[in-house]
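Peer 1: Those letters in the sequence shown? Residues 2 to 285, per our numbering, in order. Beta carbons are placed, not taken as given, at the ideal position from N, Cα and C, and that holds for glycine. Remember, it's a predicted structure, so these values are computed and weren't measured experimentally. Take this structure first; my questions come after.
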Amino acid sequence: MSTQKSDLEFSCEFFPPKSPEGAERLHRTSEALSPLKPRFFSVTYGAGGSTQERTLEAVLKIQRESGIAAAPHLSCIGSTREHVRDILHTYREHGIERIVALRGDLPSGMRDIGEFRHANELVEFIRAETGDHFRIEVAAYPEVHPQARSAEDDLRHFKGKVDAGANSAITQYFFNADAYLRFADECQGLGLDIPIIPGIMPITQFTQLARFSDACGAEIPRWMRKRLEGMGDDRDSIRAFGLDVVTALCRRLLDEGAPGLHFYTMNQAGATKEIWERLGLSGG
Ligand code: FAD
């Protein structure tokens with residue numbers, strides 16, 4: 002029996018392109034993924050606001066070309082209230098209705114943390130400035146944010162973002178379904194009644210994945226790491242293994258009640274599309 006796609010919150014994440022070639026690739030990627038009818042596409046925001054213009058440009062272009070809602074990510078660290086206010090008003094003027102609200106990380110060399118310390122303050126500010134105009138997504142960490150003092154602290158801080166007015170959450174990617182399922186149960190235990198969408202990282206190569214995972218605190222289980230390492234530069238084997246493992250992860254998450262999936266596409270359609278098709282998610 003196939004899962005009805007209409008019941009799920011399916012979304013895809015892109016980063017803003019840096020060059021005309023990158024823009025062309027993003028165009029082809031969003032075009033290839035649009036027929037899957039995701040609820041929205043999102044576009045990341047560079048640390049310290051370094052991609053502010055390019056994020057907006059990409060969001061507007063995707064929305065115009067694909068007809069699918071696009072959501073800018075917005076990070077607040079290093080920023081002022083006035084600056085964030087301007088950005089919110091620009092987004093609203095352009096008809097944007099969804100924002101992924103984050104603290105972000107200070108770029109190396111930047112010392113001034115600015116006027117926001119944590120993402121809950123950004124969510125509060127967005128609500129105070131724009132009421133219910135935006136649907137607000139926040140980040141969640143089933144394997145615990147790397148700077149958190151404890152899992153309990155991190156969960157409490159996550160609750161702070163929900164209490165501040167977040168509508169929904171997207172998790173950091175993970176390969177361990179139990180971490181997500183436990184986190185979702187704990188949230189339910191705290192009465193947090195918002196969808197917590199698993200972030201899914203398709204595996205298409207290993208070196209970059211290992212670097213990202215170390216930086217963001219996502220664990221690659223030993224058995225997966227060893228197998229991927231053993232495949233060396235054999236991209237076809239890595240891809241085939243990655244598709245099997247990540248599809249199985251998604252299937253288990255959906256079977257256990259996850260309310261949707263958010264794909265970190267890295268601006269490539271192939272693996273996301275293939276996983277989606279293997280999951281047998283019907284249209285409509
Ligand atoms: P917060 O929720 O503020 O949490 C950060 C840390 O502070 C955690 O350890 C938390 O436990 C602690 N904390 C939270 N609130 C409090 C409080 N009130 N008092 C004390 N401690 C507190 N980064 C980008 O630069 N651009 C992006 O576009 C981007 N998109 C992302 C999308 C998703 C779905 C995810 C999961 C992450 C994304 N990131 C992005 C990375 C993110 O910015 C980093 O993980 C960052 O370190 C934390 O951001 P946050 O919004 O989770 O912060």
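Going by the C-beta, is I127 closer than 7 Å to any heavy atom of the ligand HEM?
Peer 2: The ligand HEM is not among the ligands present in this structure, which contains only the ligand FAD.
Peer 1: By Cβ distance below 6 Å, which residues in the same chain neighbour S214 in space, the five residues on each side in sequence not counted?
Peer 2: Once the five neighbours on either side are set aside, the close Cβ partners of S214 are I221.
Peer 1: Rounding to the nearest angstrom, what Cα-Cα distance links A152 and H119 in this structure?
Peer 2: 17 Å
Peer 1: Keeping to the same chain, check which residues put their C-beta closer than 8 Å to that of P39; ignore five residues upstream and five downstream.
Peer 2: Excluding sequence neighbours, P39 sits near F11, S12, C13 and I69.
Peer 1: Nearest to E144 by alpha carbon, out of M111, F184, Q269 and L262?
Peer 2: Shortest Cα-Cα distance from E144 to any of M111, F184, Q269 and L262 involves F184.
Peer 1: So, helix, strand or coil for F213, using DSSP?
Peer 2: helix
Peer 1: Beta-carbon within less than 6 Å of L37's beta-carbon, same chain only, minus the 5 sequence neighbours each way: which residues are those?
Peer 2: W277
Peer 1: For R228, which residues of its own chain have a beta-carbon under 7 Å away from its beta-carbon, when the five flanking residues on both sides are left out?
Peer 2: F242
Peer 1: For V44, tell me which candidate among P73, Q64, L27 and K62 has the shortest Cα-Cα distance.
Peer 2: Out of P73, Q64, L27 and K62, P73 has the C-alpha closest to the C-alpha of V44.
Peer 1: Quick check on DSSP: helix, strand or coil for E66?
Peer 2: helix
Peer 1: What residues in its chain sit with their C-beta under 6 Å from that of G271, if we drop five residues either side in the sequence?
Peer 2: None.
Peer 1: Given that a residue counts as buried once 16 or more other Cβ atoms are within 10 Å of its Cβ, and exposed if not, what is T56?
Peer 2: buried
Peer 1: Which class does P73 belong to by DSSP, given the choice of helix, strand or coil?
Peer 2: strand
Peer 1: Pull up the distance between the alpha-carbon of M2 and that of Y46, whole angstroms please.
Peer 2: Unreliable placement is indicated for M2, whose pLDDT of 44 sits below 50; no coordinate value is reported for it.
Peer 1: Give the list of continuous alpha helix (DSSP H) stretches no shorter than 4 residues that lie fully inside the region 140 to 196.
Peer 2: Complete alpha helix (DSSP H) runs here, min 4: 152 to 164 and 178 to 190.
Peer 1: Identify the continuous alpha helix (DSSP H) that holds S31 and give its terminal residues.
Peer 2: P21 to L34
Peer 1: Can you tell me which residues form a DSSP beta bridge with E14?
Peer 2: S43 and Y265
Peer 1: State the start and end residues of the unbroken beta strand (DSSP E) segment that holds I127.
Peer 2: Where I127 is concerned, there is no enclosing beta strand (DSSP E), although the alpha helix (DSSP H) it sits in stretches over A120 to T131.
Peer 1: Tell me E138's beta-bridge partners as DSSP assigns them.
Peer 2: According to DSSP, which records beta bridges pairwise, E138 is partnered with V101 and S169.
Peer 1: Give the DSSP-derived three-state secondary structure of S109 in the structure shown.
Peer 2: Residue state, collapsed to three classes: coil.
Peer 1: Can you find the residues in the same chain that come closer than 6 Å, C-beta to C-beta, to S304, ignoring five residues on each side of it along the sequence?
Peer 2: Within the shown structure, residues of the chain are numbered from 2 to 285, placing residue 304 beyond reach of any answer.
Peer 1: What does the alpha-carbon distance come out to for the pair I201 and F15?
Peer 2: 13 Å
Peer 1: Helix, strand or coil for S80, going by three-state DSSP, please let me know.
Peer 2: The answer is strand: DSSP assigns S80 an E or B state.
Peer 1: Going straight from the alpha carbon of E32 to that of I63, what length do you get?
Peer 2: 9 Å
Peer 1: Alpha helix (DSSP H) containing K227: first to last residue?
Peer 2: R223 to G231
Peer 1: Please list the terminal residues of the continuous alpha helix (DSSP H) segment that includes E278.
Peer 2: G271 to R279
Peer 1: Find out if the Cβ-Cβ distance for the pair I78, I100 is shorter than 8 Å.
Peer 2: no
Peer 1: Cβ of S109 versus every heavy atom of the ligand FAD: is any distance shorter than 7 Å?
Peer 2: no
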